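As structure tokens, the structure follows; a few thoughts come after it.
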Amino acid sequence: GIDVRQTGSGSTGARNVSRLLGAYGFLITSFLDGLKGVAAALIGGAVPGSEWLVPAVIVAVVCGHIWPIQLGFRGGKGIAPAIGALVVYDPLVLLFSATVSLLVLAALRNVTVAGLAMVTMIPVVALCLGRPLESQVLTSLIVVLILISHRKNIREEIARFQKSHKERKS
Numbered sequence: 001g002i003d004v005r006q007t008g009s010g011s012t013g014a015r016n017v018s019r020l021l022g023a024y025g026f027l028i029t030s031f032l033d034g035l036k037g038v039a040a041a042l043i044g045g046a047v048p049g050s051e052w053l054v055p056a057v058i059v060a061v062v063c064g065h066i067w068p069i070q071l072g073f074r075g076g077k078g079i080a081p082a083i084g085a086l087v088v089y090d091p092l093v094l095l096f097s098a099t100v101s102l103l104v105l106a107a108l109r110n111v112t113v114a115g116l117a118m119v120t121m122i123p124v125v126a127l128c129l130g131r132p133l134e135s136q137v138l139t140s141l142i143v144v145l146i147l148i149s150h151r152k153n154i155r156e157e158i159a160r161f162q163k164s165h166k167e168r169k170s
């Protein structure tokens, strides 16, 4: 009976849901949000035609997740549907980017920074693997959308880093 948008970060994403429901809520929400991305990639891929259709549908589902009309444009942060879409659209790019994320997580023990590292690596990996232009554009747009949705988290991480840096200096 609690509106998840009224607690924590105000997001409907898995991380905020986990604040109320714990790991179980995180897993269920991540899975369902990821399924949105899987469905978008599969449906877009089922329509014959332009190679730009699937990337456009994936960008649309990430936008719809971040800014859902029915929730007053306050949704999740876009990572789970992006991951779900990439599972279908380009699993190798996702695998290499997730590896970077795990390394960052092991080194820094910071879930937010690790997740953002993964997301920002996706277009770099797509470029390094020689993916077609539409894939590079798609992955770059997804990064921009997710970074916009995480702007508050990024500011908090920078402030936390600056504070710890100042404490180490003194």
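The sequence shown stops at residue 170 when you use the working numbering, and every number in between is there.
Where a beta carbon is used, it is the ideal one built from N, C-alpha and C, also for glycine.
Model, not experiment: these values are computed from the prediction.
Cβ neighbour criterion (16 or more within 10 Å) applied to Asp3
exposed
Quick test of the definition: if touching needs 3 or more C-beta pairs under 8 angstroms, does the stretch 125-143 touch the stretch 101-108?
no
How big is the Cα-Cα spacing for Val124 and Val47?
28 angstroms
Would you give the residue range spanned by the alpha helix (DSSP H) that Thr7 belongs to?
Counting along the chain, Thr7 falls outside any alpha helix (DSSP H), and DSSP gives it neither H nor E.
Gln136 - containing alpha helix (DSSP H), residue span:
For Gln136, the enclosing alpha helix (DSSP H) stretches over residues Leu133 to Ser149.
Could you check the C-alpha separation between Val100 and Ala114 for me, to the nearest Å?
CA-to-CA, the gap between Val100 and Ala114 works out to about 8 angstroms.
Given a cut-off of 9 angstroms, decide if Val93 and Thr139 are closer than it, judged by their beta-carbon atoms.
yes
Where does the unbroken alpha helix (DSSP H) through Ile69 begin, and where does it stop?
Counting along the chain, Ile69 falls outside any alpha helix (DSSP H), and DSSP gives it neither H nor E.
List the endpoints of the continuous alpha helix (DSSP H) containing Pro123.
Val111 to Cys128
Assuming Pro81 and Lys152 are in contact, meaning their beta carbons sit under 8 angstroms apart, how far apart are those beta carbons, in whole angstroms?
Their Cβ separation, rounded to whole angstroms, is 19 angstroms, which puts Pro81 and Lys152 out of contact at 8 angstroms.
Can you list, in chain order, the residues of its chain with a C-beta nearer than 7 angstroms to that of Ile83? Leave out the 5 residues immediately preceding and following it.
Gly34, Gly37 and Leu94
Burial state of Thr29 (16 or more Cβ within 10 Å)
buried
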